[in-house]
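A.B. asks: Counting from 63, one number per residue, gives the positions in the sequence shown under the working numbering.
Glycine residues also receive a C-beta, built at the ideal position from the N, C-alpha and C atoms.
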Amino acid sequence: MSRAYLERALFLLAACCAIVPASAQPTSTSSGQATSTSSGQATSTGSGQPTSTSSGQATSTSSGQAYPTKPVRLIVPYPPGGGNDSLARLFGAKLTQAWGQQIVVDNRGGAGTTIGTSLAARAVPDGYTILLSSIATHAISPNLYSKPGYDPIKDFAPITLLAIAPTVLCVNPSVPANSVKELIALAKAKPGDLKFASGGNGTPPHMAGVIFASMTGVKLLHVPYKGGGPAIAGLIGGETTMMFDTAASILPHVRAGKLKSLAIARAARLPEYPNLQTFSEAGVSGYEVNAWYSMHAPAGTPKPVIAKWNKELARILKLPDIEQRLKQLGSEGVGNSPEEFAKFVKVESAKYAKAIKDSGTRVD
63 MSRAYLERAL FLLAACCAIV PASAQPTSTS SGQATSTSSG QATSTGSGQP
113 TSTSSGQATS TSSGQAYPTK PVRLIVPYPP GGGNDSLARL FGAKLTQAWG
163 QQIVVDNRGG AGTTIGTSLA ARAVPDGYTI LLSSIATHAI SPNLYSKPGY
213 DPIKDFAPIT LLAIAPTVLC VNPSVPANSV KELIALAKAK PGDLKFASGG
263 NGTPPHMAGV IFASMTGVKL LHVPYKGGGP AIAGLIGGET TMMFDTAASI
313 LPHVRAGKLK SLAIARAARL PEYPNLQTFS EAGVSGYEVN AWYSMHAPAG
363 TPKPVIAKWN KELARILKLP DIEQRLKQLG SEGVGNSPEE FAKFVKVESA
413 KYAKAIKDSG TRVD
């Protein structure tokens with residue numbers, strides 16, 4: 063019997079019968095926080111009764127059963143800690159409060175998010191397994207890996223785009239360029255000499271650099287590090303020239319005077335950084351390369367369930383404390399319809415398919 067089959071069987075047994083090994087039993091809190099386990103097991107609240115939404119209406123699946131009547135597993139294809147995990151727990155806690163059923167965060171990191179994502183793709187489409195998806199799961203990894211183990215379009219039902227984290231271009235303070243225009247001129251004068259850092263091949267910062275080079279006609283040398291932290295440290299230390307990363311990750315170093323910021327991939331300037339130009343203002347119109355976070359369900363999940371998740375997430379995104387927390391994480395809430403989100407994913411997938419092809423990066 064395979065490990066995946068055994069884990070799924072244990073999860074269903076725990077959810078239906080409230081039988082959980084003591085070492086893996088999640089605990090609820092008065093604040094309604096989401097709980098997690100290392101194996102993906104969960105307990106029910108014991109009531110077994112249909113729960114109501116904030117509007118007082120119960121949602122039923124296609125079979126007529128109210129939803130949710132037991133814990134829901136939220137697969138996060140990343141290790142514990144970090145922005146994706148924080149978002150999962152943030153939204154999971156609010157959903158638990160609203161529905162009266164635990165949202166159990168199940169961290170399944172590894173292989174560029176493909177392990178957890180393929181697990182979600184194979185899950186029973188009954189609404190009790192949801193994926194915290196992202197730019198990596200649905201735009202980069204399916205194009206980067208020759209055998210990702212899933213089809214990002216056919217194997218999933220889109221729920222909503224939760225948030226976008228704008229990309230910022232920063233350079234080492236010693237670089238003789240104080241604008242994107244000057245940086246492009248420098249790169250063209252020294253083809254291949256300017257080095258841009260990233261947390262590894264195929265990461266969003268890597269793809270951001272590839273797309274920038276393609277759009278501006280410059281030749282840059284990619285220097286992959288083992289993680290975003292070491293990449294930023296290398297940039298600060300002068301090992302590389304430049305880096306593209308999320309505002310939350312890189313702007314604190316700008317505030318500390320360790321880096322220079324040249325542009326941000328955003329429609330308007332950040333109020334906190336009024337002197338930081340957008341890429342459009344800097345002369346690179348159409349440069350929209352940002353990290354994003356979202357929710358998907360396995361293909362075939364009942365539409366009423368998708369609709370309930372979409373509606374509740376839209377409500378949560380408007381809560382003042384959620385808006386503030388997203389801001390702290392360097393993200394901006396979105397909350398679109400499943401149809402709008404589906405179109406967005408297709409555009410993003412095509413964009414990164416081209417970038418990966420241009421970079422010559424491929425993982426077998």
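Could you tell me how far apart the beta carbons of Phe258 and Thr303 are, in whole angstroms, since I believe they sit closer than 8 angstroms?
C.D. replies: The C-beta separation of Phe258 from Thr303 comes to about 7 angstroms, placing the pair in contact by the 8 angstroms criterion.
A.B. asks: Grouping DSSP H, G and I as helix and E and B as strand, with all else coil, what is Ser208?
C.D. replies: Three-state result, Ser208: coil.
A.B. asks: Identify every run of the beta strand (DSSP E) within the segment 125 to 212, keeping only runs that are complete inside it and at least 3 residues long; order them along the chain.
C.D. replies: 134 to 138, 165 to 169, 191 to 196
A.B. asks: Roughly how many angstroms separate the alpha carbons of Leu224 and Trp354, rounded to a whole number?
C.D. replies: Straight-line Cα distance between these residues: approximately 8 angstroms.
A.B. asks: Measuring only the C-alpha atoms, how far is Lys252 from Gly348?
C.D. replies: Each residue's Cα considered, the two are about 25 angstroms apart.
A.B. asks: Should the segment 315 to 333 be called in touch with the segment 227 to 235, which here means at least 3 C-beta pairs below 8 angstroms?
C.D. replies: yes
A.B. asks: Quick test of the definition: if touching needs 3 or more C-beta pairs under 8 angstroms, does the segment 367 to 382 touch the segment 193 to 202?
C.D. replies: no
A.B. asks: Can you tell me which of the three DSSP states Ile312 falls into?
C.D. replies: Looking at Ile312 - three-state DSSP - the assignment turns out to be helix.
A.B. asks: In chain order, what are the residue ranges of uninterrupted alpha helix (DSSP H) at least 4 long that sit wholly in the segment 215 to 263?
C.D. replies: 242 to 251
A.B. asks: Pick from Val134, Gly211, Pro364, Leu338: whose alpha carbon is nearest that of Phe153?
C.D. replies: Val134
A.B. asks: Could you give the distance in angstroms between the alpha-carbon of Ser208 and the alpha-carbon of Ser260?
C.D. replies: In this structure, the CA atom of Ser208 is about 22 angstroms from the CA atom of Ser260.
A.B. asks: Any idea if Pro382 is buried or exposed, counting beta-carbon neighbours within 10 angstroms, 16 or more meaning buried?
C.D. replies: exposed
A.B. asks: Within 10 angstroms of its Cβ, does Tyr414 collect 16 or more other Cβ (buried), or is it exposed?
C.D. replies: buried
A.B. asks: Beta-carbon separation of Ile137 and Asp168 under 8 angstroms?
C.D. replies: Contact flag set, yes.
A.B. asks: Helix, strand or coil, according to DSSP, for Ala359 in the structure here?
C.D. replies: strand
A.B. asks: Which class does Leu324 belong to by DSSP, given the choice of helix, strand or coil?
C.D. replies: strand
A.B. asks: Residues in the same chain with beta-carbon distance under 8 angstroms from Asp147, minus the five sequence neighbours each way, listed in chain order, please.
C.D. replies: Val138, Tyr140, Pro141, Val167, Asn169
A.B. asks: If we count the other Cβ atoms within 10 Å of its Cβ and call it buried at 16 or more, is Asp217 buried or exposed?
C.D. replies: buried
A.B. asks: By Cβ distance, which residues of its chain are closer than 6 angstroms to Ile418, with the 5 residues on each side in sequence left out?
C.D. replies: Asn205, Leu206
A.B. asks: Does the structure place the segment 259 to 275 close enough to the segment 284 to 295 that three or more beta carbon pairs sit under 8 angstroms?
C.D. replies: yes
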